[in-house]
Each structure stands twice: as structure tokens, then as C-alpha cells.
Amino acid sequence: MFLSSGAIRINLEKANLDIEWMPVSQLKSESVQRARNILAKLKTDIEHKDQLKLLIQQRNIDDMSDEQAEFKILLESICQLTNEYYGVIPLQGYGSEKLSMIDTVES
-14 MFLSSGAIRI NLEKANLDIE WMPVSQLKSE SVQRARNILA KLKTDIEHKD QLKLLIQQRN
46 IDDMSDEQAE FKILLESICQ LTNEYYGVIP LQGYGSEKLS MIDTVES
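The structure is reproduced here in C-alpha cells:
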């Protein structure tokens, strides 16, 4: 699949990346593809998490159910994938700041 440099630039700006610090041309195509694969998996996990959350809320379950256990596993996966994504596409200047988790499709 082909990505235009303009589309990449827009997404990098949305992610608060300083394009002058890390121009798109300096990203290896393998890194961009790996980031896209991570985002695709994140999207799947986030959509599944949102469905499970609604199901759990509708059932109003207080004790630990299979759905809640699966929900917890999905949250852990989303956290891990977020860390992997930021490792592939690093952000400049976050230093000791906490990076936000990519936990919505809009993120």
C-alpha cells in the first residue's frame, strides 16, 4: 500500500512530531510499515475493547467475569502496542513526560 508524503506529514503533525526534527524522509519504509501494522492491531483491539465495555456496562457485572478478564487483557495489549508504536515513531521533547495511551480510534 502506498502512502503519500503529505498524508504521512499530516499524521506526524497530529502526533505532535516536530517534522523539522525528524523529517518524513528520514523514516525508513520498514519503520513506517511497522507503525502502520501496530496501528492496525491497535484499531482492532480498541474496537473490541469498546464492544466489551458496552457489554459489561449493559450487564452491570460487579464480579470478575470472562468479559472483564478479556477486557483487562485488551487494555494490556493496547498499552503494549502504544509503547511499541512510540518506539518506532519517537516523539521529540517528551523527556520525562507521560505519553498518552492510544486508546481510541481517533487517537
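The opening residue of the sequence shown carries number -14 in the numbering used here; numbering runs sequentially from there.
Cβ coordinates follow ideal geometry from the N, Cα and C atoms, glycine included.
Query raised in the report: Thinking C-alpha only, which one of Q53, V17, Q18 and E32 is nearest I87?
Result: E32
Report task. Within 10 angstroms of the Cβ of V73, are there 16 or more other Cβ atoms? Answer buried if so, exposed if not. Result -> buried
Report task. Look at E61 and L37 and say whether their C-beta atoms are less than 9 Å apart. Result -> no
Query - From P75, T29, N45 and R44, residue whose alpha carbon lies closest to that of E91 - result: T29
Query raised in the report: Is K83 buried or exposed, if buried means 16 or more other CB atoms sit within 10 Å of its CB?
Result: exposed
Query raised in the report: If you check the beta carbons only, do L66 and L27 fall under 9 Å apart?
Result: yes
Query raised in the report: How would you call K34, buried or exposed, if buried means at least 16 neighbouring beta carbons within 10 angstroms?
Result: buried
Report task. Take the Cβ of A25 as the centre, count every other Cβ of all protein chains shown within 10 Å, and call the residue buried at 16 or more, exposed below. Result -> exposed
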